[in-house]
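Accompanying notes for the structure given below.
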Ligand SMILES: Cc1ncc(COP(=O)(O)O)c(C=O)c1O
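In this note's numbering, the protein residues as written are 36 to 521.
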């Protein structure tokens with residue numbers, strides 16, 4: 036790949052630029068063939084063009100000032116009203132379209148921190164199940180809200196019995212997910228709500244994954260626990276349109292039970308020489324194209340279209356769940372309601388990360404889980420077509436690893452094994468920061484966790500340190516493996 040070191044001194048014809056632009060995707064994951072199990076929600080080229088057209092129509096429009104582009108505010112009003120309806124909100128439910136799940140989650144933390152300030156809380160804390168998405172831990176760092184972690188019970192469900200004990204005068208919010216990312220379990224929102232109401236603590240539901248599929252699963256007759264505004268203690272919900280709503284990237288929502296909460300999300304600065312400034316969310320410029328595409332996706336599918344997608348997604352989900360359960364060396368983690376799940380190894384002789392390596396080698400892109408170790412799948416309707424092939428490859432991958440346990444000590448299995456088990460967590464953090472530094476330093480390099488750095492080891496003390504860490508990791512994984520095989 037030819038990398039650019041400076042802006043071309045002369046501009047280039049658009050056709051040339053577009054032709055080269057496409058070459059940059061040459062080693063991207065093959066999501067159009069259903070090979071990727073996260074990150075992308077893709078249906079087909081025709082639909083992608085439809086979204087692209089909607090996006091393009093408003094790609095210059097800016098939602099920074101909601102009074103300037105009335106079109107964007109109208110999209111936002113329609114989107115929020117439809118989401119409130121889907122989530123069984125009362126007419127008081129209000130909210131904002133954001134750029135993604137992370138922005139929605141971060142805004143909830145900012146809102147509840149600021150709300151708690153009005154009653155004198157200066158050392159804010161929030162209670163998060165350990166399965167909460169990392170966006171919440173990021174929000175903790177960014178907004179200075181301390182996390183109290185709610186552990187899981189033996190079935191990998193957030194242990195509600197321990198929730199009340201973690202709440203105190205400084206607790207600004209409690210979080211539950213519908214569903215959580217690692218295992219696809221819906222947290223016990225009704226039980227959380229009872230405690231939240233008793234203690235007068237706001238309860239946010241992270242439905243970034245579930246917001247645009249759980250309501251349709253329920254409409255299709257799937258039994259689900261209650262998790263939305265029908266639960267009285269729920270004060271806000273985040274729901275991503277760019278996941279199971281099949282919008283272009285850059286569209287999520289955060290809604291609140293009423294304006295009394297939402298007003299703490301707003302930012303106003305009245306003394307700026309640039310003018311009086313007000314903003315409802317984190318971003319300054321807000322991308323009109325993303326709003327338009329999100330609106331278009333929702334209008335295109337309507338309830339019937341989303342129900343159909345949910346039906347096909349759950350068919351694929353059920354097939355995968357049963358297929359994994361039928362492999363004796365594997366088990367499905369927890370009790371996932373869909374549309375995603377995690378699975379691990381039930382056989383000490385089969386290293387699940389080595390199974391992941393085998394799946395990668397067969398052209399699948401599968402995410403890794405830790406605590407417990409596992410592989411992950413975020414399932415969409417498009418995966419229905421490849422599910423038979425996936426499950427047959429998975430069976431083969433397990434058989435290969437069982438026959439060759441030494442595979443646990445090579446490839447990315449060793450790296451993941453080390454990263455998830457080594458007790459020195461600071462070392463893992465340092466290693467990842469070093470990798471990021473290599474990627475983002477001036478002239479940064481591509482990095483591939485699966486194959487290690489795409490360049491020769493660094494010379495000098497730092498390179499030697501990294502080599503020591505790597506050797507330590509290999510030793511650690513080998514020792515763990517010997518222990519389990521004994
Ligand atoms: C439960 C949950 N919340 C929040 C997020 C963050 O969403 P985004 O990647 O759009 O920022 C994710 C992403 O997968 C998620 O699974």
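Yeah, the Cβ is synthetic: ideal placement off N, Cα and C, and Gly gets one too. On a predicted model such as this, the values are computed, not experimentally measured, just so you know.
Cα separation between residue i and residue j?
i, j, result
"residue 233", "residue 129", "24 Å"
"residue 345", "residue 251", "6 Å"
"residue 1", "residue 271", "Absent from the structure is residue 1, since the part of the chain shown begins at 36 and ends at 521."
"residue 307", "residue 119", "35 Å"
"residue 206", "residue 175", "13 Å"
"residue 452", "residue 186", "22 Å"
"residue 212", "residue 260", "12 Å"
"residue 278", "residue 244", "6 Å"
"residue 470", "residue 133", "30 Å"
"residue 214", "residue 135", "17 Å"
"residue 240", "residue 461", "30 Å"
"residue 58", "residue 41", "19 Å"
"residue 398", "residue 464", "29 Å"
"residue 137", "residue 76", "17 Å"
"residue 445", "residue 402", "17 Å"
"residue 170", "residue 183", "15 Å"
"residue 385", "residue 86", "43 Å"
"residue 478", "residue 38", "10 Å"
"residue 125", "residue 292", "8 Å"
"residue 12", "residue 374", "With the chain covering only 36 through 521, there is no way to say anything about residue 12."
"residue 435", "residue 442", "9 Å"
"residue 46", "residue 318", "31 Å"
"residue 5", "residue 472", "For the chain, the structure presents residues 36 to 521; residue 5 sits outside this window and is missing."
"residue 476", "residue 358", "44 Å"
"residue 190", "residue 300", "36 Å"
"residue 268", "residue 336", "31 Å"
"residue 468", "residue 142", "26 Å"
Indicate the three-state DSSP secondary structure (helix, strand or coil) for residue i in the structure shown.
i, result
"residue 402", "strand"
"residue 234", "helix"
"residue 217", "coil"
"residue 290", "strand"
"residue 168", "coil"
"residue 206", "strand"
"residue 408", "coil"
"residue 260", "coil"
"residue 161", "strand"
"residue 152", "helix"
"residue 372", "coil"
"residue 193", "strand"
"residue 129", "strand"
"residue 413", "strand"
"residue 283", "coil"
"residue 274", "strand"
"residue 241", "strand"
"residue 182", "strand"
"residue 121", "helix"
"residue 249", "helix"
"residue 43", "coil"
"residue 386", "coil"
"residue 365", "strand"
"residue 266", "coil"
Between the Cα of residue i and those of the options, spot the shortest distance and give me the residue it belongs to.
i, options, result
"residue 353", "257, 167, 388 and 236", "257"
"residue 123", "286, 38, 107 and 266", "266"
"residue 219", "470, 463 and 166", "166"
"residue 92", "261, 327, 264 and 335", "327"
"residue 351", "260, 425, 405 and 464", "425"
"residue 454", "446, 445 and 466", "466"
"residue 321", "337, 389, 104 and 340", "104"
"residue 338", "361, 45 and 249", "249"
"residue 107", "325, 347, 481 and 293", "325"
"residue 405", "177, 323 and 448", "448"
"residue 421", "237, 46, 71 and 44", "71"
"residue 429", "456, 400 and 441", "400"
"residue 273", "246, 293, 264 and 292", "246"
"residue 264", "237, 282, 280 and 61", "237"
"residue 162", "210, 475, 195 and 190", "210"
"residue 415", "341, 300 and 235", "341"
"residue 73", "253, 216, 335 and 196", "216"
When the cut-off is 8 Å and only beta carbons count, does residue i lie next to chain C?
i, result
"residue 132", "Absent from the structure: chain C. Only one protein chain is present."
Should the segment 80–88 be called in touch with the segment 99–117, which here means at least 3 C-beta pairs below 8 Å?
-> At 8 Å Cβ cutoff, the stretches do not touch.
Validate contact between the segment 139–147 and the segment 328–344 using beta carbons, cut 8 Å, 3 pairs | Here the segment 139–147 makes no contact with the segment 328–344; the two share fewer than three CB pairs at distances below 8 Å.
Evaluate the contact criterion for the segment 311–319 versus the segment 148–166: three or more CB pairs, one atom per stretch, below 8 Å.
-> By the Cβ criterion, the segment 311–319 is not in contact with the segment 148–166, since fewer than three pairs of Cβ atoms, one from each stretch, lie closer than 8 Å.
Below 8 Å, can you find three or more Cβ-Cβ pairs linking the segment 290–308 to the segment 155–167?
-> Taking a cut-off of 8 Å for Cβ pairs, the segment 290–308 and the segment 155–167 do not touch, as fewer than three such pairs fall below it.
Inter-stretch contact at 8 Å, needing at least 3 Cβ pairs: the segment 62–72 / the segment 284–300 = Short answer: they don't touch.
Touch test, the segment 401–411 against the segment 379–392, Cβ-Cβ under 8 Å, three pairs minimum = With a cut-off of 8 Å on Cβ pairs, the segment 401–411 is in contact with the segment 379–392, counting three or more such pairs.
Within the chosen definition, does the segment 196–205 reach the segment 104–118 through at least 3 CB pairs nearer than 8 Å?
-> Result no; under three Cβ-Cβ pairs closer than 8 Å.
Decide if the segment 355–365 is in contact with the segment 392–401; the criterion is three or more beta carbon pairs, one per stretch, under 8 Å apart.
-> Touching, no.
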